[in-house]
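**Student:** This is the structure, below, for whatever I ask next.
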Amino acid sequence: MTHRISRNSWMAGGIAAALLMLWFVTTGDTASGARLQSDPEALRLLRGAEGAARTTPYEGTQFITAWSRSGMATTSLVKVVHVPGDGTHMRVQSTTADQGGQMFEADDSDRTGGLTGYTPKMLDLLARNYAVVRAGQGEVSGRATSVIEARRADGSAAGRFHIDRQTGLMLRRELLDQQGREVNLTFFTEIRPTAPKSQLLMASAPHTVEAPWAHQLASADLGSLRYRGWPVRDNLPDRLSLYDARQLDGHGPVVHLSYSDGLSVVSVFLQRGTLDAGSVASWHKATRGGRTVYLSDTMQQRAMWASRGYVFTVLADAPPPVVDSVVAALPHGETGFWGRLRRGLHRLSSWANPFD
């Protein structure tokens, strides 16, 4: 039976992924960047940020902003409370685009992101594709920090991170394009590394959104999906590697594939069926080669389309050229514009915006 799919089938996981994985961006020749030498102390500080985020009680407010391909900024203010042994409670207090909401990330989850630090998988990808080095001292919200940079082969910074010198928490993250402009930015406007007293912990369960992607897929599961025809890729352009795969049953099912190079994060949601165009009526509709793609720039760049009996939804925290390459690399029918585009991605660099 054909399923008609709306945003609701993936929105809960997508919203959580949007905030939890919002702050990874990459540009440039990352394979060459891997030839640069990383500083073991810088890697240690980033690795310690994850542990500090799990073991340190704190309460604070994060400011989040992201710039879309149009140059417009989307901002959010997020109240954050962490209780060791429990997890991190988040409430979107205000936003210029997305709906507010509440989320929770358990301490035993392996899907941490944002300012909660790198997981071992993410740190491995970062060290593989970038040179991670110390870059002096700084200050965030009145607290002294150690500054870490992830650098490309030409020595330019693709990411800059501020680690609290007292607690080891990550307090600020700046993601930069090749011109040195901020693409994504998140930082604590205030933070109290003490036992939380926030009423956020008293929020009622019906108003709390938890990521439903509990069923993690192993290699054998992914092999089974491929055997049955699911378009599951191990790698995407710009050295994006599959580092996590989940499945949500009861809606088709829905498969959530997470790709990263250590800075960029791209989520690909797959579901059998046909696209309900009414569910993306507010998105920008682009037609290429007789094929329709729906685009939306909010806190993440989003693209949605149907092809070969599947609906594809891409949520990306990455520069527009990376998103263009990912969208072009995924199925859009047997022939036509997107097929030719996959065989000639180098032409993208000559287009100001292939979706306009």
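The UniProt record's numbering numbers the first residue of the sequence shown as 1 and each following residue consecutively.
Glycine included, each C-beta is placed from N, C-alpha and C at the ideal position.
Only a predicted model underlies this, so the values are computations on that prediction, with no experimental measurement involved.
Using the three-state DSSP reduction, which class does residue 364 fall into: helix, strand or coil?
**Tutor:** Given that the chain is displayed from residue 1 to residue 356, the structure contains no residue 364 and the question cannot be resolved.
**Student:** Should S120 be labelled buried (16 or more other beta-carbon atoms within 10 Å of its own) or exposed?
**Tutor:** The sequence as given places Pro at residue 120; Ser does not occur at that position. Classification for P120: exposed.
**Student:** Skipping 5 residues on each side, what residues in its chain have a beta carbon closer than 6 Å to that of N235?
**Tutor:** Around N235: S241.
**Student:** What's the gap between the Cα of D324 and the Cα of S307?
**Tutor:** If you take the alpha carbons of D324 and S307, they lie about 17 Å apart.
**Student:** Check D39 in the structure and name its three-state DSSP category.
**Tutor:** Looking at D39 - three-state DSSP - the assignment turns out to be coil, as it is neither helix nor strand.
**Student:** Give the range of the alpha helix (DSSP H) segment to which Y227 is assigned.
**Tutor:** First-last of the alpha helix (DSSP H) with Y227: S219 to Y227.
**Student:** Could you say which of E149, G48, Y310 and P196 lies nearest to E174 if we only look at CA atoms?
**Tutor:** Residue E149 is the option with its Cα nearest to E174.
**Student:** Any chance you could list the alpha helix (DSSP H) runs of at least 4 consecutive residues sitting entirely within the UniProt domain "MucB/RseB N-terminal" (96-195), in chain order?
**Tutor:** Listed in chain order, the complete alpha helix (DSSP H) runs (minimum 4 residues) inside the UniProt domain "MucB/RseB N-terminal" (96-195) are 120-129.
**Student:** Would P196 be called buried (16 or more neighbouring beta carbons within 10 Å of its own) or exposed?
**Tutor:** When all chains shown are included, P196 counts as buried.
**Student:** What number of angstroms, rounded off, separates the C-alpha of P320 from the C-alpha of R44?
**Tutor:** So the two alpha carbons sit approximately 31 Å from each other.
**Student:** Beta strand (DSSP E) containing A318: first to last residue?
**Tutor:** Element bounds for A318: n/a, residue is neither H nor E.
**Student:** Does the beta-carbon of A281 have 16 or more other beta-carbons within 10 angstroms, so that it is buried, or is it exposed?
**Tutor:** By the 10 Å Cβ count, A281 comes out exposed.
**Student:** Hey, how far is the Cα of V147 from the Cα of V132?
**Tutor:** Each residue's Cα considered, the two are about 11 Å apart.
**Student:** List the whole-angstrom C-beta distance separating V78 from Q102, where the pair is believed to meet the contact cut-off of C-beta under 8 Å.
**Tutor:** Not really, about 10 Å apart at Cβ, beyond 8 Å.
**Student:** What's the gap between the Cα of V232 and the Cα of A73?
**Tutor:** Roughly 32 Å separates the two Cα atoms.
**Student:** Whole angstroms is fine: what's the gap from G155's alpha carbon to D107's?
**Tutor:** So the alpha carbons of these two residues sit roughly 35 Å apart.
**Student:** So, with DSSP's three-state summary, where would you put S260?
**Tutor:** Reduced to three states, the DSSP call for S260 is strand.
**Student:** In terms of residues, what are the limits of the beta strand (DSSP E) holding L77?
**Tutor:** A73 to V83 is the span of the beta strand (DSSP E), which, as asked, contains L77.
**Student:** Can you tell me where the beta strand (DSSP E) with G60 in it begins and where it stops?
**Tutor:** Residues Y58 to W67.
**Student:** Locate the beta strand (DSSP E) running through L330, then write down its first and last residues.
**Tutor:** Looking at the DSSP string, L330 is not in any beta strand (DSSP E), and its letter there is neither H nor E.
**Student:** CB-CB under 6 Å to A42, same chain, minus the five flanking residues each way: which ones, in chain order?
**Tutor:** Excluding sequence neighbours, A42 sits near V132, V133, R134 and I148.
**Student:** Roughly how many whole angstroms lie between the Cα atoms of D261 and R128?
**Tutor:** Roughly 8 Å between the two C-alpha positions.
**Student:** I think residue 361 touches Q37, with their Cβ atoms under 8 Å apart; what is that distance to the nearest whole Å?
**Tutor:** The structure shown does not extend to residue 361, since the chain is modelled only from 1 to 356, so the question has no answer here.
**Student:** Taking Cβ positions, are G273 and V311 nearer each other than 7 Å?
**Tutor:** In contact: G273 and V311 (Cβ atoms closer than 7 Å).
**Student:** Would DSSP call D244 helix, strand or coil?
**Tutor:** Strand, per DSSP.
**Student:** Taking the straight line between their C-alpha atoms, what separation do you get for Q247 and V254?
**Tutor:** Going by the C-alpha atoms only, they are around 6 Å apart.
**Student:** Could you spell out where the beta strand (DSSP E) holding V268 opens and where it closes?
**Tutor:** That run of the beta strand (DSSP E) goes V265 to R272.
**Student:** Reducing DSSP to helix, strand and coil, say where A49 ends up.
**Tutor:** It is helical.
**Student:** With 16 as the cutoff for other CB atoms within 10 Å, does R91 come out buried or exposed?
**Tutor:** Buried: at least 16 other Cβ atoms inside 10 Å.
**Student:** Under 6 Å Cβ to Cβ from R54, same chain only, skipping five residues before and after it: list those, please.
**Tutor:** If we look at R54 and ignore the five residues flanking it on each side, its Cβ neighbours are D107.
**Student:** Alpha carbon to alpha carbon, what distance is there between A316 and S264?
**Tutor:** Distance between the alpha carbons of S264 and A316 is about 8 Å.
**Student:** Mind checking which residues open and close the beta strand (DSSP E) that includes W305?
**Tutor:** Its beta strand (DSSP E) spans residues Q301 to S307.
**Student:** Buried or exposed, going by whether 16 or more other CB atoms sit within 10 Å of the CB of residue 357?
**Tutor:** There is simply no residue 357 to check, as the chain begins at 1 and stops at 356 in what is shown.
**Student:** Please report the straight-line C-alpha distance between H207 and Y130, rounded to a whole angstrom.
**Tutor:** With a pLDDT of 42 at H207, under the threshold of 50, the modelled position of this residue cannot be trusted; read the value that follows with caution. So the alpha carbons of these two residues sit roughly 40 Å apart.
**Student:** Note down, in chain order, each residue of its chain lying with its Cβ closer than 6 Å to the Cβ of V80, except the 5 sequence neighbours on either side.
**Tutor:** Same-chain partners within the cutoff: G60, Q62 and M90.
**Student:** Residues in the same chain with beta-carbon distance under 6 Å from W23, minus the five sequence neighbours each way, listed in chain order, please.
**Tutor:** Note that W23 has pLDDT 36, beneath the 50 cutoff, so the model's placement of it is unreliable and no number is given.
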